[in-house]
Every structure is written in C-alpha cells, then in structure tokens.
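In the working numbering, the protein residues as written are 52 to 355. Heads up, the beta-carbon is just placed ideally off N, CA and C, and yes, glycines get one too. The model shown is predicted, which means the values in this text are computed figures rather than measured ones. These notes are about the structure you will find just below.
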C-alpha cells in the first residue's frame, strides 16, 4: 500500500459493478505542504492468467507479484491543487482476465503560485506471479519484480529495472539506464541514452543503446535459440559467457579493441589497428550469430 501523507486525510470507499468492470474501489485524499495528493485503489478478481495493461501519462510504475488471484492497482495522483488532481481521470475496465487501467492527462493546465504545474500519477500494481503485462508511462521509472509471462515496458524518460522475471521481456526507454537481474528467457531492450546491464539464463537477446556501457552476464544454462545482437553507439561492452556456449561471434568497434578472455580456441594473432577492432570467431561448436557492436569503446568477451 502507498503510505498516507500526514496532516489531513479523508477516506472514502465504494464498490460498483458493470458488465465489463467489477473492481472494488477506494479513494484517499491528502493535503500537505501545498501539495495535493489523491490515492485510489482498484481490485480485480481473475480466474486465470491476467492480461494487464497499465498506462499513465506521467509517473513511475512498480509491479510486483503475490500468491492471490487478484490484481491490486494503487494510483497516487499528485498536483498543486484539487482541481488539477481531480482532472486526472482513471479509466479502468475488465473483461474476464483482460484488464486495462489508464490515467488520462488533464485536458487543461493549472498553474501553481510559482507559475509551475506539478502533476503526475504513480502506479503500484500487485499481481499474480504469472501475468502478461503491458506498462507504459510518458515520464518515469518502471520496475518489475518476480513475474513470469510476456512483459512489455515503455517509458519516455526514466530507468527500467527488472528482478527475477521469466518468459519474454521487451523494454524501451527514451532516456535512462536499464538493469535486469535473474532473468530466465528472451530479452529485447532499447534505450535512447543510458547504460544497460543484463544477467540471467538467456535464450534470446537484443540490446541496443544509443549511448552507454553494456554488461551482459549469460549464466549457466544460457543457450542461443536465435541470433543475438548487442549494440551501443558509444561505450564499452563486457559479455560474460558460460562453459560449453556455442555461437558464431562477430564483434567490432569503431574505436577501441576487441578482446577474448578464457575462451577457446584463441583467435589467430593479427596485425594492424583495424584487425584489433574486429573479430569473427567460432565459440564452442558455433551456431547462431552473436553480433556485438560499439561505435566507440572496447569490447571484452570472457568466460564466467
């Protein structure tokens, strides 16, 4: 639960039903230090794997799992005044296990006493461990913990974090770092500007960043089921691979070196700067293409 803000709090609860929407709903209003906060809570009962879509125009998002057949969504709307907070409409609907919740951007802009408008709608969702998720925010960080399924994350500006996720995960940020830990499955990541770090048991990997360092740790049990691609416009790349990993390596950098450490067979020695900037090498028994690119930065591929 999002903790209440002190000083003045009023709580109202209501339960409603329609053909498509059967959530329980609660609302909490707080005023503190000139900020106006409205907290809403919606619950949806499910009988199978939820197909959940969460959208907010501006605000961070947190999604984590529990062992109940219920989707709980908490929305924290912040603004300079009540009128602006009230104008952030929360639209929610449910049809079977398909749930969609969106916080709409206010149509008009209210100004604070300093000529600035502060408005955002943070979302915290608690869902069954197996859940197919789409999460979108115009501006804000996204974090996901302990979730299995098809996961699709998108933020216009903000970091992306995922911990202990399995299945298929796609994430995009226009500007921000990405960090994924204890992943089991296929990953597709894209950042306009920011570092990226991935670790886990990987089957598929596509990772692009316009500017930032990249670290990939493919842990024991990782095996390529498709071609992998790792690319950064500006930054170093470190790729760590397990024993008995099969791939056809194709690595190159515009400015830097490509190095293999602890991987056999060792590449044949070569002369010239251009030769040291690129490397094609069979790893293990070869197989799917492992493409690594950096516009400017060294690339290191090493054994775990």
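Strictly by DSSP, which residues pair up with residue i?
| i | result |
| --- | --- |
| residue 146 | 149 |
| residue 251 | 234 and 269 |
| residue 275 | None; residue 275 has no bridge partner. |
| residue 206 | 188 and 224 |
| residue 218 | 200 and 236 |
| residue 257 | 239 and 280 |
| residue 345 | 283 and 304 |
| residue 213 | 195 and 231 |
| residue 311 | 352 |
Go to residue i, then tell me how far its alpha helix (DSSP H) extends in each direction, as first and last residue.
| i | result |
| --- | --- |
| residue 137 | 133-137 |
Which residues in the same chain have their Cβ closer than 6 Å to the Cβ of residue i, if we skip the five residues on either side of it in sequence?
| i | result |
| --- | --- |
| residue 242 | 224, 229 and 260 |
| residue 353 | 291, 312 and 313 |
| residue 287 | 264, 348 and 349 |
| residue 87 | 130, 132, 133 and 136 |
| residue 341 | 279, 298 and 300 |
| residue 252 | 235, 270, 272 and 273 |
| residue 306 | 347 |
| residue 192 | 111, 209 and 210 |
| residue 173 | 110, 111 and 127 |
| residue 194 | 113 and 212 |
| residue 248 | 230 and 266 |
| residue 345 | 283, 288 and 304 |
| residue 256 | 238 and 279 |
| residue 355 | 291 and 293 |
| residue 156 | 108 |
| residue 221 | 203 and 239 |
Where do the N-terminal and C-terminal ends of the beta strand (DSSP E) with residue i fall, by residue?
| i | result |
| --- | --- |
| residue 246 | That residue, residue 246, is in no beta strand (DSSP E); it is neither H nor E in DSSP. |
| residue 300 | 298-304 |
| residue 291 | 288-292 |
| residue 102 | 102-107 |
| residue 353 | 350-354 |
| residue 179 | 170-179 |
| residue 119 | Careful: residue 119 lies outside any beta strand (DSSP E) and carries neither H nor E. |
| residue 330 | 329-334 |
| residue 140 | No beta strand (DSSP E) contains residue 140, which DSSP labels as neither H nor E. |
Within a Cβ cutoff of 7 Å, which residues of the same chain sit near residue i, ignoring the five residues on either side of it in sequence?
| i | result |
| --- | --- |
| residue 245 | 224, 226, 227, 228, 229, 260 and 263 |
| residue 117 | 177 |
| residue 201 | 183, 218 and 219 |
| residue 331 | 300 and 301 |
With 8 Å set as the bound, which would you pick, yes or no: does the beta-carbon of residue i sit closer than that to a beta-carbon of chain B?
| i | result |
| --- | --- |
| residue 153 | Given the protein chain composition of this structure (a single chain), no chain B is represented. |
Give me, in chain order, the residues of the same chain whose beta-carbon lies closer than 8 Å to that of residue i; leave out the 5 immediate sequence neighbours on both sides.
| i | result |
| --- | --- |
| residue 166 | At residue 166 the pLDDT is 48, less than 50, meaning the model places this residue with poor confidence; the figure from the coordinates comes in the next sentence. Taken in chain order, the list of residues that qualify is empty. |
| residue 328 | 303, 304, 305, 306, 307, 308 and 309 |
| residue 335 | 295, 296, 297 and 298 |
| residue 150 | 95, 97, 101, 102, 103, 104, 122, 143 and 144 |
| residue 72 | Annotation note: pLDDT 46 at residue 72 (below 50); position unreliable, coordinate value reported separately. Hits under 8 Å: 143, 144 and 145. |
Does the distance between the C-beta of residue i and the nearest non-hydrogen atom of the ligand GTP fall short of 7 Å?
| i | result |
| --- | --- |
| residue 328 | The ligand GTP is not part of this structure, which contains no ligands at all. |
Quiz item: Should the stretch 118-130 be regarded as contacting the stretch 219-228, the criterion being three or more beta carbon pairs within less than 8 Å?
Solution: In short, these stretches do not touch, since the Cβ pair count stays below three.
Quiz item: So does the stretch 202-221 actually touch the stretch 143-153, counting three or more Cβ pairs closer than 8 Å?
Solution: Judged by Cβ distances under 8 Å, the stretch 202-221 makes no contact with the stretch 143-153, as fewer than three pairs qualify.
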